[in-house]
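Asker: One structure, as structure tokens, below. Some questions next.
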Amino acid sequence: MPNFKVAIAAPLREAPIECYRAATRLVRPGWRRRLVLVGGTARVAHSPAYKTDDVDVTAPPGVLIDLWKDISAVAHNFSFESHGKIVPDALKDRRAKYL
Numbered sequence: 342m343p344n345f346k347v348a349i350a351a352p353l354r355e356a357p358i359e360c361y362r363a364a365t366r367l368v369r370p371g372w373r374r375r376l377v378l379v380g381g382t383a384r385v386a387h388s389p390a391y392k393t394d395d396v397d398v399t400a401p402p403g404v405l406i407d408l409w410k411d412i413s414a415v416a417h418n419f420s421f422e423s424h425g426k427i428v429p430d431a432l433k434d435r436r437a438k439y440l
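Numbering (our numbering), first residue to last: 342 to 440.
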């Protein structure tokens, strides 16, 4: 769980927002407004003094399917988990070691 009370350094404030922008570029132009930023990154967008550990989005299934197809076409080291989370395989392996 991210600690939202910890300040994020100025150079890192743009990273989660740029990740969201990159994700929207992977979605068909007509569907981009349906990809909604939620969670900690949304908080960073509105109050950049806080940090988050990931970028959460919500969207209709078609948008998420487009996003997953584009990511999996170029980044073979990512996995799609059953609850809809796209994670780097390295993170998935690390998480399994802690269990």
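In this text, a Cβ means the ideal position worked out from N, Cα and C, and glycines have one as well.
Cα-Cα, which of E355, G403, I427 and I358 is closest to P370?
Answerer: G403
Asker: Below 8 Å on the Cβ atoms is my guess for A400 versus L367; work out the distance and round it to an integer in Å.
Answerer: With a contact defined as Cβ atoms closer than 8 Å, A400 and L367 miss out at about 11 Å.
Asker: Taking the continuous beta strand (DSSP E) assigned at V377, which residues delimit it?
Answerer: V377 to V379
Asker: Spell out the partners DSSP gives V428 in its beta bridges.
Answerer: Its beta-bridge partners are S420.
Asker: Using DSSP bridges, identify the partner residues of D397.
Answerer: V379
Asker: For A340, does the count of other Cβ atoms within 10 angstroms reach 16, so buried, or fall short, so exposed?
Answerer: An answer regarding residue 340 cannot be provided, because it is not within the stretch 342 to 440 covered by the chain.
Asker: Taking all protein chains shown into account, do 16 or more other C-beta atoms lie within 10 angstroms of the C-beta of P429, making it buried, or fewer, making it exposed?
Answerer: exposed
Asker: Would you identify the three-state DSSP class for L440, choosing helix, strand or coil?
Answerer: Model confidence at L440 stands at a pLDDT of 37, short of 50, so the residue's coordinates are unreliable and nothing is read from them.
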